[in-house]
Amino acid sequence: MGGLATRHYGAMALLAGLLLTGPRIAGAGTAVAQDVPPYDTGLLDHPAPPAASAPAAAPAAAAPGAAVPAPAPPETMTVPPHPDTVPGILGAARQLAASGQAVTASQLVEEAETRLLDRSVEVGTGSQPIETPLISALGAARRALDAGQTAEGTRILDDAIAHLPPIEPPQ
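Taking mature numbering (1 follows the signal peptide of the UniProt record, and there is no 0), I'd label the letters of the sequence shown as residues -28 to -1, 1 to 143.
In structure tokens:
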């Protein structure tokens, strides 16, 4: 009978322990839940920024009434729309290069270069590189733009655009 009594008292001790610590655990869980805000609290509850009611004041060095030039927009926001053709992409790249946006212009030149290199080939000839004057010129333009030489990159792009083959209209 001693074994049964020990099990009985062991179970009672376990239940008593749970009853005594249960409210503390529940209280701690509630406190933790109150300390952690939902994930979107900081994102959606902020008021909208106030609308600009007056134009920005001119710098002290500017003459009264003189126009203040707007700051240059970031490159990622000024990509002109371009048609889905190599000449259209190169035209957009040329505009960006001429306006000093060499990084974005270089990306568009690379896109045009990739389109010229993508092709269907016969089995076994895919490892032969394509070397044409146009692809070489685009590589040179991209390298110049990547080096920050926008004038040189623009000059090379102008020459490449002038020597583009005619585009056949879609049928």
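We put the CB at the ideal spot given by N, CA and C, even for glycine.
With 16 other Cβ atoms within 10 Å as the buried cut-off, status of residue i
| i | result |
| --- | --- |
| Leu89 | exposed |
| Ser99 | exposed |
| Ser78 | buried |
| Ala125 | The question names Ala, but residue 125 in the sequence shown is Gly. Looking at its Cβ environment, which holds 16 or more other Cβ atoms inside 10 Å, Gly125 is buried. |
| Ala113 | buried |
| Thr86 | exposed |
| Tyr11 | Unreliable placement is indicated for Tyr11, whose pLDDT of 42 sits below 50; the coordinate value is still reported in the next sentence. It is exposed - the Cβ of Tyr11 has fewer than 16 other Cβ atoms within 10 Å. |
| Val75 | exposed |
Minimum C-alpha distance to residue i - residue among the options
| i | options | result |
| --- | --- | --- |
| Arg127 | Gly60, Ala65, Ala84 and Val58 | Ala65 |
| Ala109 | Ala69, Glu83 and Asp131 | Asp131 |
Contacts around residue i, its chain only, beta-carbon distance under 6 Å, and the 5 residues preceding and following it disregarded
| i | result |
| --- | --- |
| residue 144 | Past the boundaries of the shown model lies residue 144; the chain is included only from -28 to 143, so the question cannot be answered. |
| Leu80 | Ile61, Ala64 and Ala65 |
| Pro138 | none |
| Glu83 | Ile61 |
| Ile133 | Leu62 |
Residues near residue i by beta carbon distance below 8 Å, same chain, minus five either side
| i | result |
| --- | --- |
| Leu136 | Val58, Pro59, Leu62 and Leu106 |
| Gly96 | none |
| Gly120 | Ala74 |
| Gly111 | Glu85 |
Range covered by the alpha helix (DSSP H) that runs through residue i
| i | result |
| --- | --- |
| Gly60 | Val58 to Ala70 |
| Asp90 | That residue, Asp90, is in no alpha helix (DSSP H); it is neither H nor E in DSSP. |
| Ile107 | Pro105 to Asp118 |
| Ile128 | Thr122 to Ala134 |
Residues near residue i by beta carbon distance below 7 Å, same chain, minus five either side
| i | result |
| --- | --- |
| Ala69 | Ala77, Leu117, Thr122, Gly125, Thr126 and Leu129 |
| Val93 | none |
| Ile102 | Leu89 |
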